[in-house]
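Chains as they are written, first to last, in our numbering: chain A, 213 to 493; chain B, 265 to 587; chain C, 177 to 460.
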């Protein structure tokens with residue numbers, strides 16, 4: 213618990229919104245990990261049918277009501293968070309290393325490598341995110357894995373650009389030049405000197421991006437291009453629920469709110485980190 | 265640039281796994297029929313011959329047939345794209361006319377209540393996907409309050425005016441059919457709002473931070489020292505320097521709306537290229553995908569070009585150093 | 177005839193940690209045609225004084241006391257619309273960094289025109305450009321037409337400051353406030369700009385309040401000097417008296433701190449060793 217006494221925490225907690233963001237994210241992550249124990253009806257997340265209890269409005273048993281085949285919306289939302297978080301983590305695990313490495317190399321070595329890498333990056337960046345994701349999905353079968361690949365493919369350029377700009381400005385700092393004088397290898401300079409100085413920006417951006425990856429991911433599954441049923445997914449739930457508006461409103465409203473909450477959480481947390489570390493992204 | 269794009273699209277389209285001809289004709293077709301169809305689509309010709317037919321098709325306006333709708337793809341696209349375009353333009357107008365002033369007020373009256381309200385709206389706009397907004401708005405305004413229609417571009421019995429631009433609102437104004445205009449406006453407002461909220465949030469935040477930065481600059485203090493009144497500063501003197509960096513991003517947001525339009529169109533049953541495009545993807549409809557992608561790409565190139573030109577014109581540093 | 181009279185001006189800034197007193201009851205007089213200098217270190221309150229005259233500091237965090245009389249009107253009690261009429265009109269101001277003081281997105285001509293239009297719409301549109309050209313010639317700008325149509329980033333520091341001086345003159349002010357007008361310029365340019373300023377102001381019989389930390393600059397320019405330290409005026413007198421027989425220890429230290437070619441060390445203005453405020457104030 214020493215972290216709560218540190219100066220960083222003091223500064224961070226001055227903004228109530230940041231703390232709310234942290235709370236939201238922590239609660240959701242914990243719920244998602246321990247979903248099996250925490251949700252009232254964990255079996256509803258898989259193939260499950262309970263016709264007698266279908267289309268029940270929100271009640272004390274079924275907090276968010278049930279769907280057309282009797283599954284509890286609340287439980288499915290918690291499991292849906294699992295899918296969303298899984299997507300976010302995997303996508304960032306792919307996109308961040310690729311994007312960061314490209315940015316470091318381009319920024320550090322300059323010249324032709326710089327030109328080629330940044331040219332490609334710029335092309336990717338000039339196409340709006342969702343459209344790019346859609347066009348990549350156009351050539352792949354709609355599955356969760358492919359959706360993750362598609363989103364990773366469109367995400368790495370943002371990291372390349374961020375790290376590229378940082379590397380370019382750090383390249384001429386005193387500590388880099390003194391490393392060179394001492395004879396450090398390129399590898400050492402890039403990964404042991406420059407990269408650690410990017411960590412604040414990286415952490416902040418990754419936090420904010422978790423929210424946005426989940427947002428894009430839910431948009432893709434809304435269109436039917438992501439996770440396939442019966443795996444619970446927030447976007448798919450909204451899409452299927454929207455057919456039954458307005459009578460069976462709880463099927464689309466609660467998953468929609470769920471998406472809002474998780475993206476909001478990561479956004480508030482990320483903004484709080486941005487203020488704490490005082491970085492620009 | 266367009267040529268590069270067209271080559272790229274052409275190559276990618278040809279790489280799609282799955283045989284387009286087979287998909288078009290269905291599993292019951294004989295191999296012979298499939299081969300015939302492949303010939304018709306020039307799929308067995310050498311690649312540069314195929315490209316030649318492709319370019320020829322574009323210049324003649326004939327991009328082949330959609331295997332799904334069995335109609336000329338160009339017709340399909342020109343039927344559906346204007347609907348999407350109208351939606352995007354309307355949403356962009358909302359983004360600029362509401363988002364930017366909101367950002368100016370928030371920056372000008374920093375930390376007062378208008379700032380906090382504006383930041384709240386912006387935040388909610390940015391974190392919520394367009395389709396969720398679409399659902400919420402539909403429930404509140406179309407169902408609960410019942411003041412706006414639920415779906416489509418026009419009511420059941422209203423007929424669209426004969427096509428000039430394909431944008432119903434403009435066409436109906438040109439033809440003086442104002443009752444159609446009102447009907448179309450009622451139909452467009454919810455989807456456009458849902459579409460714009462995310463970009464609106466971003467525009468507002470961006471304007472706010474740019475305006476705050478500008479207000480800290482020395483030339484604003486100087487303006488006050490020379491008797492400029494605050495209104496003049498906010499609407500002209502400080503606004504121009506703040507808007508120029510904002511415009512580039514607004515241009516990108518405008519282009520990004522095309523992606524989100526897909527989501528909103530589904531919820532509101534808007535007859536745009538979203539449904540058409542997604543169908544094309546799911547059915548591997550080669551010609552349709554190609555045509556849709558071409559028009560989307562053209563849209564981007566033109567939008568980026570316009571934004572670059574506008575910024576170059578407004579920013580004297582760029583305008584003068586280029587000469 | 178006294179043009180500007182500051183009487184017992186006290187200014188306090190409110191912030192979340194408490195209150196800071198920037199000016200502790202200072203008094204200052206400027207006569208018609210007089211060039212007065214207000215000299216002090218950074219943080220002494222000299223810039224605050226200038227800005228209080230024109231009311232440029234945001235009112236929400238400020239507590240003020242005292243009077244600033246300009247032609248028998250107390251500027252501190254005027255409404256903001258009344259003050260606006262004076263700004264750029266009877267009283268003009270020149271700032272420290274000339275290139276930053278001009279809006280980078282508007283031409284010089286546009287900004288000069290606006291400075292004029294803020295106070296009168298009643299001018300002859302045909303001859304107005306010639307008027308601006310003449311003003312620019314007054315400050316020794318050799319290519320006035322080109323400069324009029326330029327943007328801030330196209331001008332050098334010295335050129336921009338001369339543009340600022342001519343802009344200050346547009347509405348024939350009675351008093352010009354200059355906040356460190358030469359600090360941002362190269363040394364050789366400084367001298368030139370100062371002499372232009374002196375020449376123009378003397379010719380047009382205007383008054384000036386020059387704010388600076390540099391006694392060397394002030395010596396060439398001012399008739400009367402006020403020395404300010406941490407919000408209090410420690411010494412005041414004519415330039416000649418201050419330079420020849422400075423009374424207060426602080427003033428003496430400042431004078432010794434002017435780098436001379438043949439001296440070897442600079443004294444320190446260390447406020448921890450010597451409490452300047454406890455020494456008696458001097459009025460020559």
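Just so it is clear, CB atoms sit at the ideal spot from N, CA and C, and this is done for glycine as well.
Check whether residue i and residue j have beta carbons under 8 Å apart
{"i": "residue 367/C", "j": "residue 409/C", "result": "no"}
{"i": "residue 358/B", "j": "residue 431/B", "result": "no"}
{"i": "residue 264/C", "j": "residue 498/B", "result": "no"}
{"i": "residue 278/C", "j": "residue 360/C", "result": "no"}
{"i": "residue 341/C", "j": "residue 372/C", "result": "yes"}
{"i": "residue 567/B", "j": "residue 515/B", "result": "yes"}
{"i": "residue 426/A", "j": "residue 474/A", "result": "yes"}
{"i": "residue 370/B", "j": "residue 518/B", "result": "no"}
{"i": "residue 454/B", "j": "residue 405/B", "result": "yes"}
{"i": "residue 338/B", "j": "residue 552/B", "result": "no"}
{"i": "residue 464/A", "j": "residue 447/A", "result": "no"}
{"i": "residue 345/B", "j": "residue 559/B", "result": "yes"}
{"i": "residue 379/A", "j": "residue 320/A", "result": "yes"}
{"i": "residue 471/A", "j": "residue 364/B", "result": "no"}
{"i": "residue 307/A", "j": "residue 347/A", "result": "no"}
{"i": "residue 367/B", "j": "residue 471/B", "result": "yes"}
{"i": "residue 259/C", "j": "residue 251/C", "result": "yes"}
{"i": "residue 491/B", "j": "residue 451/B", "result": "no"}
{"i": "residue 458/A", "j": "residue 407/B", "result": "yes"}
{"i": "residue 268/C", "j": "residue 349/C", "result": "yes"}
{"i": "residue 481/A", "j": "residue 237/A", "result": "yes"}
{"i": "residue 315/A", "j": "residue 376/A", "result": "yes"}
{"i": "residue 353/C", "j": "residue 266/C", "result": "no"}
{"i": "residue 277/A", "j": "residue 449/A", "result": "no"}
{"i": "residue 374/A", "j": "residue 428/A", "result": "no"}
{"i": "residue 295/C", "j": "residue 347/C", "result": "yes"}
Residues bridged to residue i (per DSSP)
{"i": "residue 353/C", "result": "269/C and 385/C"}
{"i": "residue 263/C", "result": "267/C"}
{"i": "residue 183/C", "result": "243/C"}
{"i": "residue 204/C", "result": "182/C"}
{"i": "residue 190/C", "result": "195/C"}
{"i": "residue 373/B", "result": "Residue 373/B pairs with nothing; no bridge assigned."}
{"i": "residue 403/C", "result": "215/C and 411/C"}
{"i": "residue 284/A", "result": "278/A"}
{"i": "residue 458/C", "result": "411/C"}
Beta-carbon separation (whole angstroms), residue i vs residue j, contact threshold 8 Å
{"i": "residue 523/B", "j": "residue 340/A", "result": "5 Å"}
{"i": "residue 271/C", "j": "residue 180/C", "result": "Residue 271/C to residue 180/C, Cβ: 19 Å. No contact."}
{"i": "residue 200/C", "j": "residue 404/C", "result": "The Cβ separation is near 10 Å, so there is no contact."}
{"i": "residue 438/A", "j": "residue 354/A", "result": "7 Å"}
{"i": "residue 202/C", "j": "residue 178/C", "result": "Contact flag wrong, Cβ pair sits at about 16 Å."}
{"i": "residue 465/B", "j": "residue 390/B", "result": "4 Å"}
{"i": "residue 309/C", "j": "residue 321/C", "result": "6 Å"}
Closer than 7 Å at the beta carbon, the chain E residues around residue i
{"i": "residue 524/B", "result": "Judged by its chain identifiers, the structure shown contains no chain E, and its protein chains are A, B and C."}
Closer than 7 Å: residue i CB and nearest the ligand ZN heavy atom
{"i": "residue 249/C", "result": "In the structure on display, the ligand ZN does not appear, and there are no ligands present to speak of."}
Quiz item: Per the contact definition of three or more C-beta pairs closer than 8 Å, is the region 417-426 of chain C in contact with the region 226-243 of chain C?
Solution: no
Quiz item: Counting Cβ pairs, one atom from each stretch, are 3 or more of them under 8 Å apart for the region 378-394 of chain A and the region 416-424 of chain A?
Solution: no
Quiz item: Between the region 471-487 of chain B and the region 501-509 of chain B, do at least 3 Cβ pairs fall closer than 8 Å?
Solution: Yes: at least three Cβ pairs fall under 8 Å.
Quiz item: What residue ranges within the region 211-266 of chain C form continuous beta strand (DSSP E) runs of no fewer than 3 residues, ordered along the chain?
Solution: 211-215 and 238-246
Quiz item: Using 8 Å as the threshold, is the region 381-398 of chain C in touch with the region 208-221 of chain C, meaning 3 or more CB pairs across them?
Solution: yes
Quiz item: Do the region 537-544 of chain B and the region 378-389 of chain B meet, that is, are 3 or more Cβ pairs less than 8 Å apart?
Solution: Contact fails: fewer than three Cβ-Cβ distances are below 8 Å.
Practice problem: Identify every run of the alpha helix (DSSP H) within the region 217-260 of chain A, keeping only runs that are complete inside it and at least 4 residues long; order them along the chain. | Solution: Entirely contained in the region 217-260 of chain A, the alpha helix (DSSP H) runs reaching 4 residues are, in chain order, 219-225, 228-245 and 247-250.
Exercise. Would you be able to state if there are at least three C-beta pairs under 8 Å between the region 284-291 of chain A and the region 252-262 of chain A?
Key: The region 252-262 of chain A is in contact with the region 284-291 of chain A.
Practice problem: Mind listing, in chain order, the continuous beta strand (DSSP E) runs of no fewer than 3 residues lying wholly within the region 352-405 of chain A? | Solution: The qualifying runs do not exist here; there are none.
Practice problem: Indicate whether the contact test is met: 3 or more Cβ pairs, each with one atom in the region 283-293 of chain C and one in the region 317-329 of chain C, closer than 8 Å. | Solution: yes
Self-check item: Three or more C-beta pairs below 8 Å linking the region 255-270 of chain A and the region 284-304 of chain A
Solution: yes
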